[in-house]
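Structure record follows, encoded as structure tokens.
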Ligand SMILES: Nc1ncnc2c1ncn2[C@@H]1O[C@H](COP(=O)(O)OP(=O)(O)OP(=O)(O)O)[C@@H](O)[C@H]1O
């Protein structure tokens, strides 16, 4: 970045922050919205009390069969494989040990047992199946000494109604694949229940059946010796005692609602990012609405001044102009970076508020007790980076603001769904599966907030020194992974957005070839050699074209220019084979009725539209390849005033002086000269929203002329001015035309007559005649049309 670019970038940020600071009401509204979202978090914090639980000593429990077994009902003990006598004998011994009238039934394979359960509706009948993991070659083959088996239990049935699954159905999942509960706790699990509660390894009969199987296997191998050992043995189960601890019911509620709260908190930002960029793209503003998004967002749709509904955005009047910032010489990269920094700053403010709510002692207890606020802020900032770039990506995919914003809102919630759907299967997902899911920003956010809550529940909190360690032994995913995935997905989103923005810039803007990134010129710029050396022209000579002036340099050369618009069922040739030279030191007026093609021609000259065919050279540079170079000396006054309503006249001029590279020491001389010339000196501290229509036009003309602009394009510059101001402006334009190539459009004959050194008349996109006012008067007589 050279020093001019540094200055341009700083002035962009200066402008954004200045505008933001003047929109205090909007900022307050946003803070209130965030605060409302978190009021309920604090309310839950307030109503959920911490309880001190004294040390817990559990009573021993005699292992018995489940209480819900009903004597009058047929229960079964199953075994696999049925052809093994050893398996059958052991199951019979288990039945005898349990002292219950089970029917013992064998199955050749585990699959056949499953079929029996599923298709013969026997799950209420089978208490357990003992599945031996051995290949028995003959039915009399003995069990090996090292026995491998598994116990399979059925569902719990309501003791009152054996054919109805228990209402605790969900809770009986035993999670046998994990060593620890996925949600950790400071105290013992289900500390009020002697038998450990759910999963019901004791109360559902698992321990007693397991003990009986072990007893049977030992007796099978050791016979009497084992029988003697067990003859006078009674088995009790007793949970470990636990020292006193603090039970905080809040965290149990919070872990369920925190990802949701975070999701809603950032919804507005997701909409704002896409909505802002899309509006600028759709309305050809790129950047000029930037001031509007910060404070003036709302949760409800708003209407812009053209009556279109924009979800969640309030649109400000007065700043519509085709990619103006690019046209006056800012680079696309600089615009994106300034978007990025400004949005990131917005996130930063929200994240600071969020951290304030999480870490300040607003109620009797802080929401987070153990985590490091700086780490949490860093974590959310990494999310913000990813989220901003995802917003950039979405905005490059669409051309319509309303559609893109709706889809962004929809995607914001949709991308949270993988977390919701997979929440109960979380333990079964491999690390690589989790990392793949973390490519979706909101899913990663939800996984991460979940981990933060778990670390809080463990009493460690999320800290710089533990963010790369596992939260529990069964979960490989750490906060370090999540942060890494935020940054990686941000990189991917940014890469795709950059490519799409270049190749599909939308309705306005010049698309680059698909392989632009392979071209040296993209990275190192076009060599200055592309500057046109000769000014040989093949303009048509006819009775309607005055011969070209001799000895003048053509600042703009248009050659066989065509612009075709594809409409629904037809095509429209807005500019048709236009060839024209515009000379330095002259004002060339493009005259034509409404719809003649004047603005379209100007739009091509400024790089807003790509020509369908033809060439245009400005200061010797080809517009198709050297637009960046051309824009450095281009001044533009668009048909609609491009002004920031909340900036004063002098702030506008400072902004554009810096962008045009005018040294600071010359700025006040330059701006004072211009303001005095145009009679705006008294209004220099007036905000542009308070200027009259004519004054706004004058300011737009000053912006076009300021700096070393060699080529000035003015689209109906005096529209809306009173006759005196018009006359004064004409005089000034005559004064400023020296060394400049000025192109001006109008439909007013008198303006063309007074101002135009040469007048080109366009009719339905076709150049009908071109020459001095005198030449045209001779040709047509008065009035011309
Ligand atoms: N983006 C577009 N898509 C389709 N048609 C367009 C587009 N822009 C302009 N046109 C059409 O091209 C023709 C020329 O329009 P243009 O705006 O260049 O005329 P103009 O001479 O500037 O008119 P005015 O004096 O009213 O501004 C018109 O018929 C217009 O409807």
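In UniProt numbering, the protein residues as written are 1 to 785. Where a beta carbon is used, it is the ideal one built from N, C-alpha and C, also for glycine. Please read all numbers here as calculations on a predicted model, not as lab measurements.
Span of the beta strand (DSSP E), counted from its first residue to its last, around residue i
| i | result |
| --- | --- |
| residue 153 | 149 to 153 |
| residue 542 | That residue, residue 542, is in no beta strand (DSSP E); it is neither H nor E in DSSP. |
| residue 618 | 613 to 618 |
| residue 359 | It is not in any beta strand (DSSP E) - residue 359 instead sits in the alpha helix (DSSP H) that spans 332 to 359. |
| residue 563 | 554 to 566 |
| residue 768 | 766 to 771 |
| residue 216 | Residue 216 -> not in any beta strand (DSSP E); alpha helix (DSSP H) instead, spanning 206 to 222. |
| residue 758 | 758 to 763 |
| residue 132 | 126 to 132 |
| residue 587 | 587 to 591 |
Exposure label - residue i; buried when at least 16 CB within 10 Å
| i | result |
| --- | --- |
| residue 464 | exposed |
| residue 698 | buried |
| residue 43 | exposed |
| residue 571 | exposed |
| residue 780 | exposed |
| residue 752 | buried |
| residue 223 | exposed |
| residue 403 | exposed |
| residue 181 | exposed |
| residue 131 | buried |
| residue 739 | exposed |
| residue 99 | exposed |
| residue 730 | buried |
| residue 616 | buried |
| residue 229 | exposed |
| residue 682 | exposed |
| residue 657 | buried |
| residue 50 | exposed |
Bridge-paired residues (DSSP) for residue i
| i | result |
| --- | --- |
| residue 676 | None, per the DSSP bridge assignment. |
| residue 467 | Answer by DSSP bridge pairing: none, since residue 467 is not bridged. |
| residue 50 | 248 |
| residue 748 | Residue 748 pairs with nothing; no bridge assigned. |
| residue 103 | 76 |
| residue 635 | 712 |
| residue 62 | 236 |
| residue 621 | 618 |
| residue 43 | BP columns for residue 43 are empty, so no partner. |
Segment limits, alpha helix (DSSP H) that includes residue i
| i | result |
| --- | --- |
| residue 443 | 441 to 457 |
| residue 432 | 431 to 437 |
| residue 631 | 627 to 631 |
| residue 577 | From DSSP, residue 577 is part of no alpha helix (DSSP H) but of the beta strand (DSSP E) over 571 to 583. |
| residue 606 | Here residue 606 belongs to no alpha helix (DSSP H), and DSSP marks it neither H nor E. |
| residue 825 | The first residue shown for the chain is 1 and the last is 785, placing residue 825 beyond what the model contains. |
| residue 498 | 479 to 503 |
| residue 428 | Taken as a continuous stretch (DSSP letters only), residue 428 belongs to no alpha helix (DSSP H), as it is neither H nor E. |
| residue 799 | Any question about residue 799 goes unanswered here, given that the chain covers just 1 to 785. |
Same chain only: Cβ atoms within 6 Å of residue i, ignoring 5 sequence neighbours per side
| i | result |
| --- | --- |
| residue 635 | 704, 705, 709, 712 |
| residue 627 | 607 |
| residue 15 | 655 |
| residue 250 | 45, 48 |
| residue 802 | No answer is possible for residue 802: the residues shown for the chain start at 1 and end at 785. |
| residue 22 | 646 |
| residue 9 | 334 |
| residue 545 | 770 |
| residue 392 | 497 |
| residue 725 | 694 |
Cut-off 8 Å between Cβ atoms - residues of its own chain near residue i, not counting five sequence neighbours on either side
| i | result |
| --- | --- |
| residue 827 | The structure shown does not extend to residue 827, since the chain spans only 1 to 785, so no value can be given for it. |
| residue 513 | 503, 519 |
| residue 429 | 422, 437 |
| residue 201 | 174, 207 |
| residue 473 | 179, 180 |
| residue 138 | none |
Nonlocal neighbours in the same chain, by C-beta distance under 7 Å from residue i, ignoring five residues either side
| i | result |
| --- | --- |
| residue 715 | 599, 602, 637, 638, 639, 745 |
| residue 787 | In this structure the chain extends from 1 to 785, so residue 787 is not present and cannot be described. |
| residue 91 | 77, 79, 104, 130 |
| residue 696 | 641, 643, 688 |
| residue 11 | 655, 658, 659 |
* To do: For the segment 227 to 271, list the beta strand (DSSP E) runs that are entirely contained and at least 3 residues long, ordered along the chain.
  => Every beta strand (DSSP E) of 3 residues or more that sits fully in the segment 227 to 271 is shown, in chain order, as 245 to 248.
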